[in-house]
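Protein chains in written order, with the working numbering: chain A, 1 to 433; chain R, 1 to 798; chain D, 1 to 231.
Glycine is no exception: its CB is placed at the ideal position from the N, C-alpha and C atoms.
Quantities reported herein were computed from a predicted structural model and do not represent experimental measurements.
Note sheet for the following structure.
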Amino acid sequence: MDSQNLAIKYGQIVKPLTRVSLWFWLTVIPLSIIFLWSFFAFGWQYQWGLGKTGMGHPMSWTLYLVNFVFFIGISHAGALVSAVLRITNAKWGTPFGRAAEAVTVFALAAGPTNILFDLGRSIRFYWVPLHAQFKSPLIWDFGCIMTYFAVSIIFLYVLMIPDIGLLREIFPKRKWIYKPLSLGWKGTENQWKVLLNVVGFLCIAVIPIAVSVHTVVSWVFGLQTQPMWYSTIFAPYFVTGAIFSGIATILIVTILLRRVYHLEEYLTPYHFNNMGLLLLVFTLLWAYFTFAEHLTVVYGGGTHELNVLWSKITGRYAPLFWSMVTLCFIIPFPLLILKRTPIFLLITSISVVIGMWLERFLIIIPSLAHPRLHYLRGSYMPTWVEWSMMAGLCAGFTLAFIFFSKFFPVISIWEIEKEKKEIRIESPQRSLR
Amino acid sequence: MRISRRDLLKMIGAATFGIALPEEILYALPSEGEWIPYEEYWSTGICLQCPGGCGLRVRSVNGWPVKLEGIKDYPINRGRLCPKGQAGLQVLYDPDRIPSPLRRKGKRGEGKWERISWDDAIRIVAENLKGLRMRGRAHQVVFWGGRYRGHMFDLVSRFMEAYGSPNHLGNSSRGSEGILKGHFFTMGENDFLAIHWEKVNYVLSFGASLLEASRPSLRNLWGYGHFRRGRPGIRGKLVQIEPRFSLTASKADQWVPIEPGTDGALALGIAHWIIKERRYDKEFVSRYTFGFEDWKDSEGRQHLGFKNLVLKDYSPQQVSSITGVSEEVIVNVAREFSSHLPSIAISGRGVGMQTNGTYSQMAIDCLNALVGSIDCQGGLLLQRKPNFKKWPPVQRDSFSEKGLSQPRIDGAGEIPFPFAQEVPYILPERIEAGDPYPIETLFLYYTNPLFSIPEPEKLLSAIEKISFIVSFSPFMDETTEYADIILPDGTYFERWQDDVPQPGLGFPMVGIRQPILSKPIHNVRNTGDVLISLAKEIGGSVAKSFPWENMEKALKEAFYGIFSSKRGSILEKDFDGFWNKITKIGGWWEETYPFGKWRAKFNTPSGKFEFYSQLLRQGLRELAHKTSKSFDTILRDLKIEVKGDKVFLPHFEKPCFIGDKKDYPFHLIHYKPMTSAEGRGANQPYLQEIFGPHLYERWDSWVEINPETARRLGLKDGDPVWIESVKGRLKTHVRLFPGTHPACLQMPYGQGHRAYGRWAKGRGVNPNDILVKEYDYLGGFLSHFSTRVKIYKARKNV
Amino acid sequence: MYRWAMVIDLDRCTGCQACVVACRQENNIPFAGEKQAKLGRAKFWMNMIREIEGDYPDLKMHFIPIPCMQCDNPPCTIVCPVRATYKNPEGIVAQVYPRCIGVRMCISNCPYTVRYFNWHAPDWPNEYKRGRNPDVYKRRKGITEKCNFCIHRIRKAKEVAKKEKRRIRDGEVVPACAETCPTDAITFGDLNDPKSRVYLLSKSPRAFRLMEELGTEPRVFYLKQGEWKDG
Ligand SMILES: Nc1nc2c(c(=O)[nH]1)N[C@H]1C(S)=C(S)[C@@H](COP(=O)(O)OP(=O)(O)OC[C@H]3O[C@@H](n4cnc5c(=O)[nH]c(N)nc54)[C@H](O)[C@@H]3O)O[C@H]1N2
Ligand SMILES: Nc1nc2c(c(=O)[nH]1)N[C@H]1C(S)=C(S)[C@@H](COP(=O)(O)OP(=O)(O)OC[C@H]3O[C@@H](n4cnc5c(=O)[nH]c(N)nc54)[C@H](O)[C@@H]3O)O[C@H]1N2
Ligand code: SF4
Ligand code: SF4
Ligand code: SF4
Ligand code: SF4
Ligand code: SF4
Ligand SMILES: [Mo]
């Protein structure tokens, strides 16, 4: 079928690229303002020093680190989920793929930015690779994240090439971007072959990298002597949490897109139902790990660990802790069992995402607030600078996605098309060998 | 140290490959900490953050002092300094120092000043003094001083005598009169006693803040370390009797919380057991003491002795009910005290500065007599003075004679303060009332009464009555703010001054302060020099009384005596050699103490230690005679409850507390943390930032309460509270501290300034604002711990 | 080769904090001021920790001065991504200010919480600036600093010793804190010299180290009678 017809056939998917509604401006403008404001905030902090944040002794790693871990977590959604779904040839995942991969890329951009904010001398960030000491988990982190970043960009990109080729044809005006990006895609037999090979390979490659990333992120804490950080469970715990929050984010994004761009045709309850089930699985996994983690401390923990633990469960951080439990389990669990319709999934996912942010907060702050030598207990309250940076980051993240959706189809046209074909001439050959 | 590009590459290379490097290279990266050549020199001085009198070694770089250390072999501190000493440079460099002589513009206390030259300043003051003198009103000049050291006191007394005013209030007893009065009535000495830490085995401390305050702090701190761990095999025991679980109590082997104001009773209870069990040093008691047994006087009348008084009235159970200390503790302490010789009993202001302070101190001194630990190895020693050369006699003329013939403004030496040499605390009332005569001119030297004595508002209104106020302070403190003229003194780094420790180690010693900067940072002058110039300006006999051109010369004359005695640590052929040496070393001392010399002849009528104080008896008799009042009325004036012989014997007088127990259930205890330098420490950020280590408090004051009590009153740690006395109330925050006697609240002293520079001003609260003046009339001093208070929650930041 | 170490006798220490101030004055550590101090921005290379046990009237209170322990296997150095802090051959865990980029992982990984961060550019009122020690290196905002056993004093002693072609004598190097300690509680010296006071004291039956269980092998020893409880 030629490109014009395709364009017509998948008009709904292509439409957002051509039209901007009033809503677009209503969201983009405020977000942009927030985003720009955060630059001012950073400048302020850079000029006067980190003293402008709420950090102090011993609370020297706070909101920025929380956001770092949080966004890296989200990033797992993408590549990981879509790759897994592809490999397992779970067709219901196809319409989520593109969104997921995009989320990954933007989250990976957002995450490490926090480290930049957190540096005492941000300008010197490049010293990390320059003077790297390989014993430092931060270096491993740096390595893994950069790799993951690169790979997921390629992953996203490669999977877009056929669509870009299509867009090049149907939007002559935008040739200037699509042409170079399409790498002269013609859809020849050979090109398909290569493409599918590459995709196949990336799917395999992405998984271990993704896993490694959050493992190492967990080690940044897990290998430290702080009470309740030094723990073997951290790696899997973090990875699970990551995927958990990742899936939730994808759901939020897709459900919104579905609503805004009227993609009901492609994102059907059937798809969401399955995605919901996946989320359910991770809800349980998360609960299991959280329980295991805290139980170990209750039993094995020394005075120092217990100090931290009680501050979470009954102490100063109890409100946060219990809202985390509520948001990550008590709300999602029943809802996911009973209702997996888009609306309810939206609610659940939002609750999960917030809950997971709290989890990151509760992993980092209480431990630092209760160092082994108990003297002046740390207490921490973020300042406007930190809040601004966080807001700016979220704004940036959303903006990036919105703009992406204005240049590229948020649902992979060629894959849908392919599936349809396969259903028609039910060929024995699987979509990816 | 410059480093080559090669080093640099090597370094970066090496660093990246993780090879260990000598820090010399790693440290010397360009662009930071590049090494500037400098020239340094060391000089000496004497610290004056507190009256401890520690020797200072000052490291100066390119002319500016950068670090203080102790003089290695200075006997008081042996090369050590306390935190206040270490922070001393922040006194020198305080950004809010008074830069030059100032004259008041605008209204008093308004804070408008104009700079004037030293010549004008001195002329103005001299004019005022001359004028008064000519009009025969010299006596209406008051000189109110505080931290005198060495010859400054003599210089001022000399000035006042030559000028012709009896009103020199020198705070000569440095805020601990009670202790001195006790020593005076029992041993005839108006001075603090030194502790022979080298040998003492058992220290019974009645509220002596040994490890935080009581001077000489560094000697005591060292003594503590030494008597604890310095002597292989021997471990001294420290028992701290104090309502507050002070730092000293925390380091003591035993803490005995006691009802405030009842230490005298406890001491007598201990004496009771010692005497009953015949554990006292019979040899000392029989040979060196008077009034232990009952005795007959010349007229053959029978008198009660210490022994029977104590045996009758102070059995452990009687004492236990007074002091709240259990009988077994009393007995136990008594047993240990009398068996772990040499043992000493010492005390602090908390005991001395009570309405019954004199008697309490006498009782404590008696304990030392019982175990014979006076003037012996490991005992209490008399502080010997260096034999300075006497200055030539003061010249008086008719004007001075006339002025000196007038009564003292503070009525010291008369009822109700018969035994006081001075009563600065009463000044506000006297000046207010113009009784016996109004005050024209007031000099303030090294004292800040608006901050340091209770009921400051009285002084504030009294000040209105004074037409001319001169302050010598280098800092704009509360009182100086109300001066008309300020003649700023140099700080203790910037002036010539000698320093005789009170007490030191017993043997004679003197330290010397000297200007360590080539010139003072500001346009300031040593008050000693200023007084001499004033005298010269006044002229006549006053000028003649000051034959020296400045303080340095005056000191040299006095030190000539030490030089010519050819003794002690500096022996030189000629005086210049001696002077060079002493200014280089920082002081002179003669490390031999004549054990046994003092006890052989106490300065008392009997020449012995007097359990039964004949000095007191004579004094009161003369008084009765002079005032032709009956003995009983006099006793009533002095608020002494007992009658007959007991009056002259140490006994327990009920302490008097202001504010009745129902409405004001707590005693307000205020103490000097190690980090507070009387009223002077608050302008030093380094001290502010570590002010209350036992509660991690800083930059503020607080009130400590017993957690139980707090629970009862529904107070939580950190709550804002009001502390209220009959006088008024203070707002601060409360801290739950288990080391608080349930009947007490505790508050550090040193914060709560209304002036004194950017770091001190408006920070915390000052207990003196709610303390009430009450006196120990017998001793003639302020009772600083007689105020009862209540505490209740305050609304946040109101 | 030297192996610098410190012994602090808690039975002597009275918590007077002279060491705290001496350290700050010697190493040009500015005070934080009230607000900043409340936010935990006060730097105490020598920090004073207080422990209270029991209730009125039988309670105990200890003061523990905490410098950097100069651990023999320091958790703080390995985590620094740019190797701005490292264990020097004489066992001092040195901080390379110019190299530090302020990640603060070293801070969070120091179990003794003795690393301090320059939240602001270190600054003084001009008057105090005159009183700064020229021997210690400047720090800037955004980097970490900590006790370094008064490394500049050691270096000076070395220069002297080198000139005289000899080893540094026991007691020749005295850090500011030890020099001022009124009760002689702090002893500093070379563990490689079996005759040195630190060596002997470190072998005392009263000797222990904070959090030995962590295996950080601190080279600051404490002396205390009887059982020690931390936390
Ligand atoms: N750090 C420091 N040292 C100083 C000074 C300073 O300002 N700071 N000032 C110097 C001067 S001028 C002086 S006079 C001395 C004063 O030195 P001290 O008299 O030894 O100490 P203070 O804190 O003035 O005395 C108050 C103490 O008495 C206790 N106390 C209160 N009431 C009672 C009681 O009824 N019974 C008993 N047994 N104890 C009680 C309180 O707990 C408190 O510790 O310190 C000198 N040394
Ligand atoms: N509530 C309460 N009140 C107390 C005490 C207490 O424990 N609690 N302690 C009492 C005791 S023991 C005493 S001794 C008094 C001390 O009280 P004061 O005798 O008033 O001594 P400071 O308060 O130290 O004030 C000394 C003043 O001298 C000035 N000054 C500072 N340096 C210099 C200098 O170099 N030269 C000159 N000429 N002046 C200088 C400063 O302006 C400072 O204000 O406080 C007493 N007040
Ligand atoms: S004890 Fe007093 S004199 Fe000695 S250093 Fe401390 S403050 Fe100065
Ligand atoms: S100086 Fe000495 S006594 Fe004072 S706190 Fe430090 S170690 Fe303890
Ligand atoms: S004490 Fe902390 S900073 Fe010092 S070496 Fe050990 S881990 Fe590093
Ligand atoms: S703060 Fe400096 S020393 Fe610490 S880890 Fe970061 S770069 Fe390394
Ligand atoms: S050794 Fe030097 S740097 Fe370390 S605490 Fe002592 S004085 Fe400070
Ligand atoms: Mo005093």
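Ligand 3 heavy atom lying under 7 Å from the CB of residue i
| i | result |
| --- | --- |
| C177 (chain D) | no |
| Q49 (chain R) | yes |
| G679 (chain R) | no |
Beta-bridge pairing of residue i - partner residues as DSSP gives them
| i | result |
| --- | --- |
| G587 (chain R) | R:G511 |
| L102 (chain R) | R:R115, R:I486 |
| C744 (chain R) | R:H667 |
| S371 (chain R) | In the sequence as presented, Ser is not what sits at residue 371 (chain R); that position holds Val. Answer is none; V371 (chain R) lacks a bridge partner. |
| Q45 (chain A) | DSSP output for Q45 (chain A) lists no bridge partner at all. |
| F419 (chain R) | According to DSSP, F419 (chain R) bridges with nothing at all. |
| A207 (chain D) | D:L223 |
| Y202 (chain R) | R:K237, R:S343 |
| W295 (chain R) | R:H303 |
| T289 (chain R) | R:F609 |
| F781 (chain R) | R:D776 |
Contact test: residue i Cβ vs ligand 8 heavy atom, cutoff 7 Å
| i | result |
| --- | --- |
| G175 (chain R) | yes |
Residue i Cβ short of 7 Å to ligand 1 heavy atom set
| i | result |
| --- | --- |
| M674 (chain R) | yes |
Residue i CB to nearest heavy atom of ligand 5 below 7 Å
| i | result |
| --- | --- |
| R139 (chain D) | no |
Supposed contact pair residue j and residue i - C-beta distance, whole angstroms, cut 8 Å
| i | j | result |
| --- | --- | --- |
| T187 (chain D) | L201 (chain D) | 6 Å |
| V721 (chain R) | A794 (chain R) | 5 Å |
| T85 (chain D) | Q70 (chain D) | About 11 Å separates the two Cβ atoms, so there is no contact after all. |
| I485 (chain R) | I439 (chain R) | Going by Cβ atoms, the distance from I485 (chain R) to I439 (chain R) rounds to 16 Å, so no, they are not a contact pair. |
| R735 (chain R) | L695 (chain R) | 5 Å |
| G91 (chain D) | W4 (chain D) | 6 Å |
Residue i CB to nearest heavy atom of ligand 2 below 7 Å
| i | result |
| --- | --- |
| L247 (chain R) | no |
| P449 (chain R) | yes |
beta-carbon residue i near ligand 7 non-hydrogen atom, thresh 7 Å
| i | result |
| --- | --- |
| A22 (chain D) | yes |
Closer than 7 Å: residue i CB and nearest ligand 4 heavy atom
| i | result |
| --- | --- |
| Q45 (chain A) | no |
| F666 (chain R) | no |
Ligand 6 heavy atom lying under 7 Å from the CB of residue i
| i | result |
| --- | --- |
| T85 (chain D) | yes |
- Mind pulling the alpha helix (DSSP H) runs of 4 or more residues that sit fully within the stretch 225-311 of chain A? Listed in chain order, they are 234-261, 269-300.
- Query: For the stretch 97-131 of chain D, which residues have a CB atom closer than 9 Å to at least one CB atom of chain A, in sequence order?
  - Reply: R99, C100, I101, G102, V103, R104, M105, I107, S108, N109, C110, P111, Y112, T113, V114, R115, Y116, F117, N118, W119, H120, A121
- Selection of the stretch 1-35 of chain A by Cβ proximity to chain D, strictly under 7 Å: none
- Task: Go through the stretch 656-732 of chain R residue by residue and report every complete run of the beta strand (DSSP E) that reaches 3 residues or more, in order.
- Result: 666-671, 702-705, 720-724
- Item | Contact residues within the stretch 72-83 of chain D, judged by C-beta distance below 8 Å to chain A | Residues P75, I78, V79, C80, P81, V82, R83.
- Task: Mind checking the stretch 167-195 of chain D against chain R and listing, in chain order, the residues whose C-beta falls within less than 9 Å of any C-beta there?
- Result: Result list: A176, E179, T180, C181, P182, T183, D184, A185.
- Give, in chain order, every residue of the stretch 97-126 of chain R whose Cβ lies closer than 7 Å to some Cβ of chain D. none
- Compile a chain-ordered list of the residues in the stretch 249-275 of chain R whose CB is closer than 8 Å to at least one CB of chain D. Per Cβ criterion, the list reads S250, K251, W255, P257.
- Of all the beta strand (DSSP E) runs that stay within the bounds of the stretch 88-118 of chain D, which reach a length of 3 or more residues? 93-95
- Length-filtered (4 minimum) alpha helix (DSSP H) runs lying within the stretch 157-181 of chain A: The stretch 157-181 of chain A is shown to contain whole alpha helix (DSSP H) runs of 4 or more residues at 161-170, in chain order.
- Could you list the residues in the stretch 202-225 of chain D with a C-beta less than 9 Å from some C-beta on chain A, going in chain order? L210, M211, E213, L214, T216
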